[in-house]
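Everything below concerns the one structure shown next.
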Amino acid sequence: MAKIPTPISQRGGCKVRWMTFATEADAKACAKVAVQEAQRKADDGYDFGYCSPGSITKTEEGWEVCIP
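One rule links them: number in my numbering = place in the sequence shown (from 1) + 23.
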């Protein structure tokens with residue numbers, strides 16, 4: 024798996040985690056890895072529920088990425 028940039032914060036859920044990055048570029052780099060990892064896990068039968076790994080959301084803190 025490719026190395027992702029260091030997040031400024033992160034939080035976990037029951038099916039995914041979210042990492043927050045200071046820059047959109049770092050968020051996009053993380054999202055690219057997240058999509059690849061999500062595909063690998065989905066191929067193994069993992070269900071992410073309503074969550075969408077690789078999605079990016081702009082927050083007050085920075086750019087948040089949903090990761091598997």
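Cβ coordinates follow ideal geometry from the N, Cα and C atoms, glycine included.
Residue range of the beta strand (DSSP E) that includes residue i
i	result
V88	86 to 90
K81	79 to 81
For residue i, the residue or residues it bridges with in DSSP
i	result
R63	Bridge partners of R63: none, in fact.
F71	DSSP output for F71 lists no bridge partner at all.
G35	R40
Own chain, CB closer than 8 Å to residue i, minus 5 neighbours either side, in chain order
i	result
A110	The question about residue 110 has no answer, for the chain in this structure spans 24 to 91.
D70	K38
Counted within 10 angstroms of its Cβ, other Cβ atoms place residue i as buried (16 or more) or exposed
i	result
D67	exposed
T82	exposed
A61	buried
Candidates the options: closest to residue i by CA position
i	options	result
A25	G85, K51, G72, A65	K51
S75	W41, I27, R34, P28	W41
Close beta carbons around residue i, own chain, < 7 Å, minus the five adjacent residues each side
i	result
G85	I31, T43, F44, A45
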